[in-house]
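Following: one structure in structure tokens, then a few remarks.
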């Protein structure tokens, strides 16, 4: 048996440390991608319909849309 160096265990396999995990850890390495609405889904969304109505009626101007969305989004 040949020595592999200081502090190394010759019986350990050559598998990198990242693959030697304990238990079932499948799917924990990558964060889930958030589903973004497509154009058609966005057009049909109730909040988008209300936003368009408000812009059309003059209740909201284009410059204030983001402020309104942030305020409304925080309520949910």
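In the numbering used here, the protein residues as written are 25 to 100. The beta-carbon is built from N, C-alpha and C at its ideal position, and this holds for glycine as well.
- Boundaries of the alpha helix (DSSP H) harbouring residue 76: 70 to 81, taken from the DSSP string.
- In the structure shown, residue 85 adopts coil according to DSSP, grouped into three states.
- Residue 92 is positioned such that its CB atom lies no closer than 9 angstroms to that of residue 66.
- In terms of Cα proximity to residue 78, the closest of 89, 94 and 68 is 89.
- DSSP places residue 90 in the helix class (H, G or I) of the three-state scheme.
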